[in-house]
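According to the numbering used here, the sequence shown holds residues 2 to 157 in order. Note that the Cβ used here is the ideal one computed from N, Cα and C, for glycine as well. Just below is one structure, and these are the notes that go with it.
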Amino acid sequence: MTDNPALLVADSVNRCLALAETWLAWDGRPVLTDGANLWTPAKAARRIQDHLIDHLAEVEALLAGATPTPDAWHGRMVTLDADWARFTELDLAEARSRWPRLAQSYVNRYATVPDAWDVPRDPNWTLRQIAEHVAGVVWYAEQVGDLRFGDSARIR
């Protein structure tokens with residue numbers, strides 16, 4: 002048996018938190034990526050959390066033999082008014098509390114069903130594929146980046 006694929010999610014969350022620790026230095030200017038996506042620390046934090054929740058709900062539905070409920074989030078294509086808020090010490094504390102608990106939920110859940118990791122679930126992904134996809138959550142954090150040194154690259 003291989004390592005629990007959800008460990009990739011936990012590693013990714015740790016990287017997200019390491020970047021989020023630098024967002025306290027955010028100067029209020031958004032980062033523009035791919036010529037069309039506007040990013041702020043609060044938006045990245047929202048997307049990280051939404052992504053973790055969405056796919057955990059998907060995993061639970063698949064394991065219960067149910068059809069996953071499609072998400073209705075607007076995702077990264079919109080910037081909400083709340084996304085313009087400062088990213089404060091309390092926001093970081095909330096992320097430090099919430100994100101690792103969500104990641105641990107993946108690890109714990111996957112640990113209970115190792116024989117199910119690679120079972121085909123058409124039209125959905127396998128549990129392993131879901132974990133690999135969710136590990137990509139760090140992409141959201143990377144859009145804001147490391148602001149520890151007053152990152153001047155506002156367009157990425």
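Beta-bridge pairing of residue i - partner residues as DSSP gives them
i: residue 109; result: In DSSP, residue 109 forms no bridge with anything.
i: residue 77; result: Beta-bridge pairing links residue 77 to no other residue.
i: residue 34; result: 38
i: residue 15; result: Answer is none; residue 15 lacks a bridge partner.
i: residue 125; result: 122
Spatial distance of residue i from residue j (CA atoms)
i: residue 2; j: residue 29; result: Because residue 2 carries a pLDDT of 49, less than 50, the predicted location of this residue cannot be relied on, and no value is offered for it.
i: residue 27; j: residue 48; result: 17 Å
i: residue 132; j: residue 7; result: 5 Å
i: residue 33; j: residue 39; result: 5 Å
i: residue 121; j: residue 65; result: 15 Å
i: residue 97; j: residue 37; result: 29 Å
i: residue 88; j: residue 16; result: 17 Å
i: residue 135; j: residue 50; result: 11 Å
i: residue 57; j: residue 68; result: 13 Å
i: residue 41; j: residue 75; result: 16 Å
i: residue 144; j: residue 110; result: 29 Å
i: residue 112; j: residue 9; result: 13 Å
i: residue 60; j: residue 86; result: 32 Å
i: residue 125; j: residue 55; result: 14 Å
Burial state of residue i, where buried means 16 or more other Cβ atoms lie within 10 Å
i: residue 79; result: exposed
i: residue 95; result: exposed
i: residue 91; result: exposed
i: residue 114; result: exposed
i: residue 46; result: buried
Own chain, CB closer than 6 Å to residue i, minus 5 neighbours either side, in chain order
i: residue 11; result: 104 and 108
i: residue 1; result: The structure shown does not extend to residue 1, since the chain is modelled only from 2 through 157, so no value can be given for it.
Residue span of the alpha helix (DSSP H) that contains residue i, given as start and end
i: residue 135; result: 128-135
i: residue 142; result: 139-145
Residue-chain proximity (residue i, chain B), Cβ-Cβ < 9 Å
i: residue 148; result: Annotation note: the requested chain B is absent from the structure, which comprises a single protein chain.
Nonlocal neighbours in the same chain, by C-beta distance under 7 Å from residue i, ignoring five residues either side
i: residue 117; result: 64 and 128
i: residue 101; result: 14
i: residue 149; result: 23 and 26
i: residue 93; result: 21, 22 and 25
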